[in-house]
Amino acid sequence: MTVRTRADLDALPSYVPGKTVPGAIKLASNEVSAGPLPSVVRAVAEAATAMNRYPDTGCAELVDRLADRLGVPAGQVATGSGSVTLCQQLIQATCADGDEVLFPWRSFEAYPLLTHVVGAAQVRVPVTAGHALDLDAMAAAITPRTRLVFVCNPNNPTGTAVRSGELEEFVAKVPDDVLVVVDEAYKEFVDDPHVPDGVEFAKTQWARGRENVAVLRTFSKAYGLAGLRVGYAVASEPVVETLRKVYVPFAVNSLAQVAAIASLDAEDELMERCRAIVAERGRVRGALLGLGFDVPESQANFVWLPLGERTLEFNDHCLAHKVVVRAFAGDGARVTIGEPDENDAFLAAAEAWSAQ
Ligand SMILES: *Cc1c(COP(=O)(O)O)cnc(C)c1O
Numbered sequence: 001m002t003v004r005t006r007a008d009l010d011a012l013p014s015y016v017p018g019k020t021v022p023g024a025i026k027l028a029s030n031e032v033s034a035g036p037l038p039s040v041v042r043a044v045a046e047a048a049t050a051m052n053r054y055p056d057t058g059c060a061e062l063v064d065r066l067a068d069r070l071g072v073p074a075g076q077v078a079t080g081s082g083s084v085t086l087c088q089q090l091i092q093a094t095c096a097d098g099d100e101v102l103f104p105w106r107s108f109e110a111y112p113l114l115t116h117v118v119g120a121a122q123v124r125v126p127v128t129a130g131h132a133l134d135l136d137a138m139a140a141a142i143t144p145r146t147r148l149v150f151v152c153n154p155n156n157p158t159g160t161a162v163r164s165g166e167l168e169e170f171v172a173k174v175p176d177d178v179l180v181v182v183d184e185a186y187k188e189f190v191d192d193p194h195v196p197d198g199v200e201f202a203k204t205q206w207a208r209g210r211e212n213v214a215v216l217r218t219f220s221k222a223y224g225l226a227g228l229r230v231g232y233a234v235a236s237e238p239v240v241e242t243l244r245k246v247y248v249p250f251a252v253n254s255l256a257q258v259a260a261i262a263s264l265d266a267e268d269e270l271m272e273r274c275r276a277i278v279a280e281r282g283r284v285r286g287a288l289l290g291l292g293f294d295v296p297e298s299q300a301n302f303v304w305l306p307l308g309e310r311t312l313e314f315n316d317h318c319l320a321h322k323v324v325v326r327a328f329a330g331d332g333a334r335v336t337i338g339e340p341d342e343n344d345a346f347l348a349a350a351e352a353w354s355a356q
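Here's what the structure looks like:
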């Protein structure tokens with residue numbers, strides 16, 4: 001007899017990670033192309049000698065460092081095995097069967113999957129014609145069953161960012177028992193001064209007695225630790241407490257904890273890299289616009305090419321040029337900004353495409 005599992009999972013598509021193709025340049029997963037910093041590698045190598053021991057399940061040292069840096073009490077910071085697990089925990093902490101999770105679409109691929117697995121209902125609100133979050137439509141889509149709203153800022157994969165005034169207006173329209181989660185996976189690449197720092201924004205909301213704003217950040221992107229899995233949430237204390245209830249013990253491994261702390265020590269160097277990526281983003285977008293592509297302005301470490309029905313064709317064309325991009329069939333392709341020579345290889349492929 002086959003084991004009886006949940007029938008609804010048969011129909012659920014699996015999360016599709018960016019492809020790794022041997023010999024090709026990978027611009028598919030929004031990773032930072034430059035390798036880890038030597039100081040971080042050294043700290044991890046030293047910590048490896050103690051891997052027979054369980055990690056600190058509370059990540060106390062890392063939490064203290066983050067709390068200090070962000071100017072919040074340690075009770076307002078929760079860590080996770082990448083911020084994607086924190087997305088799941090936040091849904092688990094807020095939703096029972098049939099409750100609704102609202103998010104823009106297209107946005108982060110994990111939102112629909114995690115929502116479904118937890119047993120909550122998805123409400124997807126299409127992005128605008130300009131590929132930005134439609135916050136008015138999102139506010140209008142809130143129902144008495146809504147428990148959580150994801151605001152991906154900047155939005156993956158369209159790269160657009162919500163500005164302070166817009167976010168302020170939006171949050172004012174959300175009932176204060178509905179959690180607004182500002183997912184800032186790409187925060188370090190933002191150079192528009194009107195885009196809020198989510199934690200500072202949340203603090204002003206908390207000070208007004210609105211505890212329903214939480215922020216997610218990760219060490220996977222700007223800090224270059226995608227392979228080690230560590231991210232964190234900053235939220236009001238009651239929200240952090242419930243997050244801890246749905247935490248799988250020891251989820252953040254000891255090497256990830258050490259690497260995150262070493263990365264905070266090397267923050268200046270890492271942020272310098274981010275600035276170089278931001279400059280490359282401008283160069284790549286400018287070149288693409290010059291080739292006739294439609295490219296929304298991006299505040300992240302990738303650009304979005306809304307190619308619609310031609311997306312898969314473009315994807316195959318790039319693969320033939322040994323560049324792996326991330327295609328979302330029928331919608332568009334997301335291309336990570338890599339090192340200058342990698343970006344040049346992609347631009348050469350894009351040029352060949354527009355010349356055909
Ligand atoms: C990459 C990403 C994350 C988190 O990644 P982790 O590696 O799990 O920390 C979260 N949100 C968005 C929008 C992302 O693109």
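Letter 41 of the sequence shown, counting from 1, is numbered 41 in full-length UniProt numbering, and no numbers are missing. For glycine and all other residues, C-beta sits at the position ideal for the given N, C-alpha and C. Please read all numbers here as calculations on a predicted model, not as lab measurements.
Near ligand 1: residue i beta-carbon under 7 angstroms from a heavy atom
i	result
Val-84	yes
Cys-59	no
Lys-26	no
Asn-301	no
Asp-331	no
Ser-220	yes
Ala-226	yes
Gly-159	no
Ala-185	yes
Gly-290	no
Asn-156	yes
Asn-253	no
Phe-108	yes
Cys-152	yes
Gly-198	no
Gly-231	yes
Asn-30	yes
Rounded C-alpha distance that separates residue i from residue j
i	j	result
Leu-270	Leu-114	30 angstroms
Arg-147	Ser-263	34 angstroms
Asp-316	Glu-280	24 angstroms
Ile-25	Gly-209	48 angstroms
Ala-7	Val-118	14 angstroms
Val-284	Asn-343	7 angstroms
Pro-126	Gly-308	15 angstroms
Val-215	Pro-22	36 angstroms
Tyr-186	Met-1	47 angstroms
Val-335	Asn-30	8 angstroms
His-131	Glu-297	10 angstroms
Val-32	Cys-274	9 angstroms
Val-234	Phe-170	19 angstroms
Val-323	Ala-345	7 angstroms
Gln-299	Val-258	29 angstroms
Val-40	Glu-46	10 angstroms
Pro-238	Asp-192	32 angstroms
Leu-86	Ala-266	25 angstroms
Thr-49	Asn-253	13 angstroms
Leu-27	Gly-198	27 angstroms
Met-276	Leu-62	For the sequence presented, residue 276 should be read as Ala rather than Met. The alpha-carbon atoms of Ala-276 and Leu-62 are separated by roughly 27 angstroms.
His-116	Arg-42	40 angstroms
Asp-10	Pro-249	28 angstroms
Asp-183	Ala-348	33 angstroms
Leu-70	Gln-76	10 angstroms
Asp-68	Glu-200	14 angstroms
Leu-102	Pro-112	9 angstroms
Which listed residue (the options) has its alpha carbon closest to that of residue i
i	options	result
Ala-140	Ala-43, Glu-272, Ala-233 and Val-174	Val-174
Val-151	Arg-145, Val-178 and Ser-29	Val-178
Leu-228	Val-117, Gly-82 and Gln-92	Gly-82
Ala-96	Arg-124, Leu-291 and Ala-120	Ala-120
Ala-172	Gly-159, Ile-142 and Glu-184	Ile-142
Asp-64	Gly-58, Ala-74 and Pro-55	Ala-74
Ala-329	Asn-343, Leu-312 and Asp-192	Leu-312
Glu-351	Leu-288, Tyr-223 and Arg-53	Leu-288
Glu-166	Ala-349, Asp-341, Leu-9 and Asp-134	Asp-134
Asp-176	Glu-211, Val-40 and Pro-13	Glu-211
Thr-94	His-131, Thr-160 and Val-149	Val-149
Ala-226	Tyr-15, Gly-35 and Ala-349	Gly-35
Leu-90	Pro-55, Tyr-54, Leu-255 and Leu-243	Leu-243
Leu-305	Ser-354, Glu-267 and Ala-266	Ser-354
Ser-236	Gln-356, Thr-5 and Gln-205	Gln-205
Val-181	Phe-189, Asn-155, Gly-159 and Ser-14	Asn-155
Gly-18	Ala-11, Tyr-247, Pro-157 and Val-3	Pro-157
Ser-107	Gly-338, Ala-348 and Ala-333	Ala-333
Ile-261	Val-303, Val-195, Val-230 and Lys-221	Val-230
Ala-161	Pro-144, Thr-57 and Phe-189	Phe-189
Residue(s) in a DSSP beta bridge with residue i
i	result
Ala-121	Glu-100
Phe-302	Thr-336
Lys-245	Answer is none; Lys-245 lacks a bridge partner.
Cys-59	DSSP, once it has assigned bridges, lists no residue as partnering Cys-59.
Val-35	Before going further, note that residue 35 is Gly rather than Val in the sequence given. Answer is none; Gly-35 lacks a bridge partner.
Asp-183	Cys-152 and Leu-216
Ile-25	Val-323
Val-77	Val-234
Trp-105	Pro-126
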